[in-house]
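Notes for the one structure printed next.
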Amino acid sequence: MKKISRSSNSKFLKMEEFFPESFRLDLEDERNAFFELCEEEQIWICKPSCSNQGRGIFLLKNPASVNTLQAKLHSTEEHLLNKRVPYKAPKARIVQRYIQQPLLLEGKKFDVRSYLLIACTVPYVLFFAQGYVRLTCVNYDAASDDLTVHLTNQHMQKKNSLYSQLKDETVWRMEHFNSYVNEKFRKTNGLPKDWVFTVFTKRMQQIMLQCFLAAKHKLDRKLGYFDLIGCDFLIDQNFKVWLLEMNANPALHTNCQVLRDIIPTVVYESL
């Protein structure tokens, strides 16, 4: 792991520079803003705020699906206001603009799971771990309704019939990713050599630090407290880096050889 220092990542970014447009559906103002904004031929991804492994995620790909969601939320509000029957409020959700033109590796969608370790809170000490690349089993198709085409995590990929024979191809080491980018994209896209370990790595650290600084006032500060956060990044066709989400309870399963090599080291260094 590498220590993250504020001095080396001092430039602050605007949120729209690294985070896809998002709305919280549990906040009325943001919910209304989303339904006013949403137009045809746009894809949005709807996901629970406090979940993992792709549970509860679905795509909004047309006006009908958006209208269905709006009606469901309105019905929920009516139940809560009237209190005619016992009702358990749903988990908070967000809708996020879907990046429809991601960079592809061998035709497949991918993202990068890296880690932010808050090693100490008195004082704050942060570390960064490179992580690994997560790929889908099948080629990317923005129009597909199959969630295994759109979501890269292992829990979701296991649902694909090809997973058993392709599972070791669904996770790449960062060294493999770097070599691939050097070979396939460096010249055609005018990238510096080892873009993954220079530009991309620096950008991830910069975004992680900025998110931490924005949220640190909400963290409990006690001696001995620490947290390992899984951070998911997507790269689009223009090599712009997007933060998709940060997970306070990242999966540490070792389903394939690359994960068996990487995850134990991350856990050991965290402890």
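Going by the working numbering, the final residue of the sequence shown carries number 1332, and the count climbs one at a time with no gaps. Cβ atoms here follow ideal geometry from the backbone N, Cα and C, with glycine treated the same way. The structure presented is a predicted model; accordingly, all values stated were derived computationally and were not measured.
#1: For F1201, which option in Y1193, I1160, L1313, Q1191 has the closest C-alpha, if you only look at C-alpha atoms?
#2: In angstroms, rounded to a whole number, what distance separates the CA positions of Y1329 and M1265?
#3: Please classify F1119 as buried or exposed, where buried requires at least 16 neighbouring CB atoms within 10 angstroms.
#4: Check for me: the beta strand (DSSP E) holding E1091 runs from which residue to which?
#5: Any chance the region 1201-1210 sits against the region 1315-1323, with 3 or more Cβ pairs inside 8 Å?
#6: Roughly how many angstroms separate the alpha carbons of T1182 and F1188, rounded to a whole number?
#7: Quick one: measure Cβ to Cβ for I1268 and L1304, integer angstroms, because I've assumed they're closer than 8 Å.
#8: Among residues of its own chain, excluding the 5 on either side of D1229, which ones have a beta-carbon nearer than 8 Å to its beta-carbon?
#9: Could you check the C-alpha separation between L1165 and E1082 for me, to the nearest Å?
#10: On the DSSP bridge assignment, give the partners of R1234 in chain order.
#11: Distance, Cα to Cα, K1301 vs E1078?
#12: If you run the structure through DSSP and keep just helix, strand and coil, what is S1225?
Working from what's here:
#1: Residue numbering aside, residue 1201 sits at position 140 when the sequence shown is read from its first letter. Residue identity check: residue 1201 is Tyr in the sequence provided, not Phe. The shortest Cα separation from Y1201 among Y1193, I1160, L1313, Q1191 belongs to I1160.
#2: Against the sequence shown, residue 1329 aligns to sequence position 268. Against the sequence shown, residue 1265 aligns to sequence position 204. Roughly 22 Å between the two C-alpha positions.
#3: As a position in the sequence shown, residue 1119 is number 58, starting the count at 1. Its Cβ having fewer than 16 others within 10 Å, F1119 is exposed.
#4: Looking up residue 1091 in the sequence shown gives position 30. Note, E1091: premise wrong, no beta strand (DSSP E); alpha helix (DSSP H) at 1089-1098.
#5: no
#6: Position 121 of the sequence shown, counted from the first residue, corresponds to residue 1182. Position 127 of the sequence shown, counted from the first residue, corresponds to residue 1188. Whole-angstrom Cα-Cα distance: 12 Å.
#7: Taking the first residue of the sequence shown as 1, we reach residue 1268 at position 207. Taking the first residue of the sequence shown as 1, we reach residue 1304 at position 243. Contact flag correct, Cβ pair sits at about 5 Å.
#8: Taking the first residue of the sequence shown as 1, we reach residue 1229 at position 168. Around D1229: C1317, Q1318, V1319.
#9: For this step, residue 1165 is matched to residue 104 along the sequence shown. For this step, residue 1082 is matched to residue 21 along the sequence shown. The straight-line gap from Cα to Cα measures roughly 22 Å.
#10: As a first step, residue 1234 is located in the sequence shown; it is residue number 173 there, counting from the start. Looking at the DSSP assignment, R1234 forms no beta bridge with any residue, so it has no partner.
#11: Here residue 1301 refers to the residue found at position 240 of the sequence shown. Here residue 1078 refers to the residue found at position 17 of the sequence shown. Taking the straight line from one Cα to the other gives about 9 Å.
#12: For this step, residue 1225 is matched to residue 164 along the sequence shown. Residue state, collapsed to three classes: helix.
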